[in-house]
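Visitor: Numbering (UniProt numbering), first residue to last: 1 to 746.
C-beta atoms are modelled at their ideal positions from N, C-alpha and C, and glycine is treated no differently.
#1: Starting from residue 680, follow its DSSP beta bridges and name the residues at the other end.
#2: Assign residue 524 to one of three DSSP states: helix, strand, or coil.
#3: Going residue by residue through the segment 477-529, where are the continuous alpha helix (DSSP H) segments of at least 4 residues, counting only ones entirely within it?
#4: Could you check whether residue 395 and residue 363 sit closer than 9 Å to each other, using their CB atoms as the reference points?
#5: Mapping DSSP to helix, strand and coil, what is residue 325?
#6: Taking only the alpha-carbon atoms, compute the straight-line gap between residue 494 and residue 86 and give it to the nearest angstrom.
#7: Should residue 259 go down as buried or exposed, given a rule of 16 or more other Cβ atoms within 10 Å for buried?
#8: Among the residues of its own chain, which have a CB less than 7 Å from the CB of residue 103, if the five just before and after it don't count?
#9: Going along the chain, which residues of its own chain have a beta-carbon closer than 6 Å to the beta-carbon of residue 556, five neighbours each way excluded?
#10: How about the segment 323-332 and the segment 409-418: do they share at least three Cβ pairs that are nearer than 8 Å?
#11: Can you find a heavy atom of the ligand GTP that lies under 8 Å from the Cβ of residue 706?
#12: Per DSSP, what kind of secondary structure is residue 263 in: helix, strand or coil?
#13: Who are the Cβ neighbours of residue 205 in its own chain at under 7 Å, not counting the five residues just before and after it?
#14: I need the DSSP call for residue 421, collapsed to helix, strand or coil.
#15: Assign residue 233 to one of two classes, buried (16 or more other C-beta atoms within 10 Å of its C-beta) or exposed (fewer than that).
#16: Please tell me whether residue 596 and residue 559 are closer than 9 Å, where the distance is taken between their beta carbons.
#17: Hey, out of 78, 376 and 510, whose CA is closest to residue 338's CA?
#18: What first and last residue would you give for the alpha helix (DSSP H) that runs through residue 387?
#19: How is the alpha helix (DSSP H) around residue 290 delimited, first residue to last?
#20: Would you mind giving the Cβ-Cβ distance between residue 112 and residue 70, rounded to the nearest angstrom? I have them listed as a contact below 8 Å.
#21: Using three-state DSSP, classify residue 119 as helix, strand or coil.
#22: Skipping 5 residues on each side, what residues in its chain have a beta carbon closer than 7 Å to that of residue 524?
#23: If contacts are defined as beta-carbon pairs under 8 Å, then residue 486 and residue 501 qualify, I think. What distance do you get, rounded to the angstrom?
#24: Output yes or no for whether 9 Å exceeds the beta carbon distance between residue 346 and residue 295.
#25: Less than 6 Å between C-beta atoms, sequence neighbours within five positions excluded: which residues of the same chain meet that for residue 333?
#26: Evaluate residue 661 with the Cβ neighbour count: other Cβ atoms within 10 Å of its Cβ, from every protein chain shown; 16 or more gives buried, anything less gives exposed.
#27: Any idea if residue 114 is buried or exposed, counting beta-carbon neighbours within 10 angstroms, 16 or more meaning buried?
#28: Evaluate contact between the segment 522-538 and the segment 433-440, counting only Cβ atoms and requiring at least three cross-stretch pairs below 8 Å.
#29: Run through the segment 74-142 for me and flag every whole alpha helix (DSSP H) of 4 or more residues, listed as ranges in chain order.
#30: Using 9 Å as the limit for Cβ to Cβ distance, is residue 269 near chain B?
Here it is, written out as structure tokens:
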């Protein structure tokens, strides 16, 4: 004011601060002082908020930032503890102590740390701490998990929290997601948390997450998401929803996801697949055409720095385009495989070319993957362009040996010899390869047909994939194998590694298909080098048993059945093996596991193979030395007897007689127990998953079975214990297990 006096309001504040009573105010005569509504007994309304200026907002933000700012000393201490946790030579006990110490220092500050770059320290603690230590972290952060899911630092922490959560905690988190699934799905960071929860969820929980993306009603009313139906069509019919409105809403959701480029997550794949199930032909084709460009280009991947680098370096994380197409990344899940197969089967010709070209240099990586190898099988069966599938075959040829010995890598090769054989593909694999969009089935029939054909040779059923044009299946297989020279390279590789292939679980199947020339011997006579391979297998089997570091080919668990199958399916190989390895030596291999190889000549469907060995094998049969295929019949008979009901069980007084009979059957060779140096099998448990034992393992099995099972099972396994300790004592090892547990027979 003029004259330098204080403002009246300033005097009032000074009196209040000094604690003096407020001076009486001057008011007009007859007027009552103003009373607040609360003083007059009103509704207690609050005072009107004072206007906030930009300066006030800025000051408040600075104060909030200062309150959340962590102490520098605490950050340094936590950083050093995190570094010590991640040392490669840190013991488990020391790491647990470091985690406990770090959690003690962070106690009460979990939320501030989770929102800061130091979140990686809390993330490491949540990863390695015990459940009792993890519970307080979950309780402190649970109200803020949705906000933390959208933060670039704390989203990884949320993933670790829900991975380590108990069932009750995880159910609470799933419940908190209600109404927020769509918004998180559209967020480039939050979608990773929703996807992590989706992959860990049970089937009803997955359904509740997906239903919110199908209609707005599911976002508003939580009770609608709690239902037992597992398919979208059942949900629509049960709740009386309009299919057109559901399709429209789902199309809007998927379109937003595609525009943001968020296509690499399982929950997105599931939404697209369910949309394709209920969509009409035009809508389904449009969706596939929009999807192919996203799958064939490189992906934007945020490279997460390690905890140490993130704290020591202040460089920002940058989005980088990866040279690896998204199609490779989505092959880690069954939903991703289905989506890739749908695009390959129902896409246009130029879409297939685009997919094939984007996989250049990546075929090997796909072939070694559990789901990716199925995609390669479909690719070889559907793509018609000679240039494109030749490039695929050339990539497989470059690293052929690695493919042959790999569990998944061998499958594309086996597909070329025996398409969709149930021996090499599981029922679930065949279901994946037969997956189609319902509204586009007619298009599949024009482009590629899957016909169910009974496999009479092996008693199973298989599907034969027919080529996508007028070419016949055999002609296509010959193009893929012969014209590309893959068959020649395979033969040479098998010749070089014949001994190893015979005795390995996965390599033996490739060797068999190459040696017999594929299904129905369609490659017979294509090349003369096949006789060299037959000769190499026969020479390996002709070596004396004393020359082997490993087991003889006729005694090995893997090679013996394969050689037996080759004798049945390839007469040319049977003749070569007879001349090189068996002629004049059959008596040496007439007992044990090798007897099955010798007996295969008498059981062969080819009369020439039978006549070849009959003169030498008949005296062995007459003398009781060779018993062709009686082992299997007796084993099955024993198994049926062992599994019979209690009314047919013998009395305890008859156990001794049954045990003596079983012992004589094993000693005479009627029931085979030993088929190698230290390889045994239980003739009374042929249906048991484990068929091969060492001496000590089979002895332990026989003792356990003879102690508390039914009478006949007890008698048979008592006889097995006696037979092992009496007639096969040479195989007893110097293990700590006591060998003498012999049960005296009555």
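Guide: Here's the rundown:
#1: Partner(s): 674 and 693.
#2: Correct three-state label for residue 524: coil.
#3: Runs of the alpha helix (DSSP H) spanning 4 or more residues and lying entirely within the segment 477-529 occur at 486-496, 498-502 and 507-516, in chain order.
#4: Remark: C-beta atoms of residue 363 and residue 395 approach each other more closely than 9 Å.
#5: Of the three classes helix, strand and coil, the one that applies to residue 325 here is strand, per DSSP.
#6: Rounded to whole angstroms, the gap between the alpha carbons of residue 494 and residue 86 is 45 Å.
#7: Looking at its Cβ environment, which holds fewer than 16 other Cβ atoms inside 10 Å, residue 259 is exposed.
#8: 125, 129 and 133.
#9: The residues are 503.
#10: Three or more Cβ pairs closer than 8 Å define a contact, and the segment 323-332 falls short of that threshold against the segment 409-418.
#11: Among the ligands in the structure shown, none appear at all, so the ligand GTP cannot be discussed.
#12: Three-state result, residue 263: coil.
#13: Closer than 7 Å at Cβ, skipping near neighbours: 174.
#14: Residue 421: coil per DSSP, three-state reduction.
#15: By the neighbour-count rule (16 or more Cβ atoms within 10 Å), residue 233 is not buried but exposed.
#16: Between residue 596 and residue 559, the CB-CB gap reaches or exceeds 9 Å.
#17: Each of 78, 376 and 510 was checked against the Cα of residue 338, and the nearest Cα belongs to 376.
#18: Run containing residue 387: 386-398, per the alpha helix (DSSP H) assignment.
#19: In the DSSP assignment, residue 290 falls within the alpha helix (DSSP H) that extends over 281-296.
#20: With a Cβ gap of about 6 Å, residue 112 and residue 70 count as contacting.
#21: When DSSP states are grouped into helix, strand and coil, residue 119 belongs to the helix group.
#22: Closer than 7 Å at Cβ, skipping near neighbours: 517.
#23: About 17 Å; that fails the 8 Å criterion.
#24: Note that the C-beta distance between residue 346 and residue 295 is not below 9 Å.
#25: For residue 333, where only same-chain residues beyond five positions count, the Cβ hits under 6 Å are 266.
#26: Residue 661 counts as exposed, since fewer than 16 other C-beta atoms from the protein chains shown sit within 10 angstroms of its C-beta.
#27: By the neighbour-count rule (16 or more Cβ atoms within 10 Å), residue 114 is buried.
#28: Segments in contact, no.
#29: Complete alpha helix (DSSP H) runs here, min 4: 92-106, 110-114, 119-128 and 131-141.
#30: Annotation note: the requested chain B is absent from the structure, which comprises a single protein chain.
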